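Trainee: I have a structure I would like to understand better, so I am pasting it below and will then ask my questions one at a time.
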Amino acid sequence: METFAILRGVRLSAQKGRLVADQIRGLTVDKALNVLTFSPKKGAKIIKGVLESAIANAEHNEGADIDELRVKTIYIDKATNLRGFSARAKGRGNVILKQTCHIHVTVGDGKK
Numbered sequence: 202m203e204t205f206a207i208l209r210g211v212r213l214s215a216q217k218g219r220l221v222a223d224q225i226r227g228l229t230v231d232k233a234l235n236v237l238t239f240s241p242k243k244g245a246k247i248i249k250g251v252l253e254s255a256i257a258n259a260e261h262n263e264g265a266d267i268d269e270l271r272v273k274t275i276y277i278d279k280a281t282n283l284r285g286f287s288a289r290a291k292g293r294g295n296v297i298l299k300q301t302c303h304i305h306v307t308v309g310d311g312k313k
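Per this note's numbering, residue 202 is the first one in the sequence shown, and the count goes up by one each step.
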């Protein structure tokens, strides 16, 4: 049994999100939540919300036992950039790119 949750277009760069995702991949959900709670990174708070959503989906939709759930897969994809412009001298402009990403979390027990 596997259940997933997806958060799309979050204002976090994929590279910074992957640093946090690598810390919780394969852990049980209670250990993963503990790691994310005490991590100082911005991505930890965002990923914690997605993980809690995946846990709630597993409990509500599948009737899963929360104590047996593990983080099966977690991956972070790059999404579109938010583009802005900054005024420069002589009528020029610089492009400001703000990174966004998609977060995919799958939780499940060891059984098929």
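All C-beta atoms, glycine included, are put in the ideal place defined by N, C-alpha and C.
Only a predicted model underlies this, so the values are computations on that prediction, with no experimental measurement involved.
How should I225 be labelled, buried or exposed, when 16 other C-beta atoms within 10 angstroms of its C-beta is the threshold for buried?
Mentor: buried
Trainee: When the Cα of K197 is compared with those of C302, T307, D310 and G309, which residue comes out closest?
Mentor: Since the first residue of the chain shown is 202 and the last is 313, residue 197 is not available in this structure.
Trainee: Using the C-alpha atoms, what's the distance from F286 back to R293?
Mentor: 10 angstroms
Trainee: Closer than 6 angstroms by C-beta to S254: which residues in its own chain qualify, once you throw out the five before and the five after it? Chain order, please.
Mentor: A206
Trainee: DSSP three-state label for S161, please.
Mentor: What the structure shows of the chain is the stretch from 202 to 313, and residue 161 is not part of that stretch, so it cannot be assessed.
Trainee: Going by beta-carbon coordinates alone, are V306 and I275 separated by less than 7 angstroms?
Mentor: Cβ atoms of V306 and I275: closer than 7 angstroms.
Trainee: Quick one: Cα of D223 to Cα of V296, how far?
Mentor: 31 angstroms
Trainee: CB L213 to CB G244, shorter than 7 angstroms?
Mentor: yes
Trainee: Based on the DSSP output, what are the partners of K279 in its beta bridges?
Mentor: Answer is C302.
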